[in-house]
Amino acid sequence: MDDLLLLLRAAAEDTRLRILALAARDQLTVSEFVDILGQSQPRVSRHLKLMVEAGLLERFREGQWAYFRLARHPQLASVVEAIVAKLGAEGDMARLEDLRRRRENRAIAYFRTNAERWDQLRALHIDDAEIEKALVGLLPDDVGSLLDIGTGTGRILEVLARHAERATGIDQSREMLAVARTNLSRAGLAHVEIRQADMYLLPFASMSIDVVSIHQVLHYAEDPAAVLREAARVLAPGGTALIVDFAPHDLVELRREHAHVHLGFADNQVAGWLAAAGLEAVAPLHLPGKRLMVGIWRATKSKADADSVVTTTTGAPLQETPR
37 MDDLLLLLRA AAEDTRLRIL ALAARDQLTV SEFVDILGQS QPRVSRHLKL
87 MVEAGLLERF REGQWAYFRL ARHPQLASVV EAIVAKLGAE GDMARLEDLR
137 RRRENRAIAY FRTNAERWDQ LRALHIDDAE IEKALVGLLP DDVGSLLDIG
187 TGTGRILEVL ARHAERATGI DQSREMLAVA RTNLSRAGLA HVEIRQADMY
237 LLPFASMSID VVSIHQVLHY AEDPAAVLRE AARVLAPGGT ALIVDFAPHD
287 LVELRREHAH VHLGFADNQV AGWLAAAGLE AVAPLHLPGK RLMVGIWRAT
337 KSKADADSVV TTTTGAPLQE TPR
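Below, the structure is given as structure tokens:
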């Protein structure tokens, strides 16, 4: 409680309280805070810098943009909610909703441009709802932290995050992250965050994640085995990896029209990669579709791995980089 009081003293100023209220609702850039608050960029930037230094906010980069979010503190979110209720910040919240609508319009435009090719691909395999139902059924009973690699539109993250205490989605594409941010904001999942990151070099500490999901990503990867090794590194002992992708197929047009690098994966191929990454695989699920069969591979990390820390190629455990 003393730590929390020290944090809140750093917010004892009108603009900082407004920033705190907004950061509790969404991840925002400096320019977005400026737009909502109606203040100059230098002034807003100075407040944000002080709040990050005080531990109230966290800063992370997405390409050339810096985003700010409420710091992860066990009691901070609930206290901020009480502050928001007393602030009467209806104007700020209305402007935040307007910003979200603009984001959504951009997402709709992006989807309109790409929807036809995605619909063509969906028509080839089983309904997405069946895949999502199967994935939920494979989740452990208690999920503290969940990471969705290659989150795309954020749909799988949205489905699985409802069963986790906290969840993160990463993707390289800023356009897809914008879509995911809109979808997750609309879903009201306050315990979920998304960020731009490389699936070959995840910005998370070794053995820090309970569940890792990789949905329809490996067929785009030049080195699927390396993706699974990195996923295994961040998995906690006893953690679960869930991989969804296509079984082997002969639809070579997917390489040309959808940029697929691999035409599906055989069970023994995926099992070999999982074993080499130190994961113990169980029998996969197969979900046949019209022309493509979807495979779901589940694997766990032995609890014996708690005795040895997996390190990066530099020999040091990878810690999440302060943003």
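Using the working numbering, the first residue of the sequence shown is number 37, and each one after it goes up by one. Even for Gly, the Cβ is constructed at its ideal location relative to N, Cα and C.
| Asked | Found |
| --- | --- |
| N-terminal and C-terminal residue of the beta strand (DSSP E) that residue 324 is part of | 321-324 |
| Under the three-state DSSP convention, the category residue 162 falls into | coil |
| Sufficient close CB pairs (3 or more, under 8 Å) joining the stretch 289-308 to the stretch 237-252 | no |
| Element boundaries [beta strand (DSSP E), containing residue 281] | 271-282 |
| CB-CB length for residue 103 against residue 63, believed under 8 Å | 5 Å |
| Min CB distance residue 89 to chain D below 8 Å | No chain D is part of this structure, which consists of one protein chain only. |
| Straight-line gap, residue 274 to residue 254 (C-alpha atoms, nearest Å) | 23 Å |
| Range of the contiguous beta strand (DSSP E) that encloses residue 249 | 245-251 |
| Inter-stretch contact at 8 Å, needing at least 3 Cβ pairs: the stretch 289-300 / the stretch 316-326 | no |
| Backbone CA spacing between residue 280 and residue 97 [nearest angstrom] | 28 Å |
| The stretch 251-270 / the stretch 218-228 touching (three or more Cβ pairs under 8 Å) | no |
| Segment limits, beta strand (DSSP E) that includes residue 315 | 315-317 |
| Environment of residue 322 [buried if 16+ CB atoms lie within 10 Å] | exposed |
| Backbone secondary structure at residue 103 - three-state DSSP | strand |
| Where the beta strand (DSSP E) containing residue 258 begins and where it ends | Taken as a continuous stretch (DSSP letters only), residue 258 belongs to no beta strand (DSSP E), as it is neither H nor E. |
| Contact under 8 Å by Cβ, residue 235 with residue 258 | no |
| Between the CA atoms of residue 303 and residue 319 - distance to the nearest angstrom | 9 Å |
| Segments of 4+ residues assigned as alpha helix (DSSP H) that fall wholly inside the stretch 174-207 | 191-197 |
| Residue closest to residue 301, alpha-carbon to alpha-carbon, out of 53, 331, 316 | 331 |
| Residue 289 to residue 57 span [Cα, whole Å] | 49 Å |
| Nonlocal neighbours in the same chain, by C-beta distance under 6 Å from residue 268, ignoring five residues either side | 313, 314, 315 |
| Local conformation of residue 232 per DSSP, three classes | strand |
| Range of the contiguous beta strand (DSSP E) that encloses residue 331 | 329-337 |
| CB contact flag (residue 91, residue 107, <8 Å) | yes |
| Exposed unless 16 or more other CB atoms sit within 10 angstroms - verdict on residue 213 | buried |
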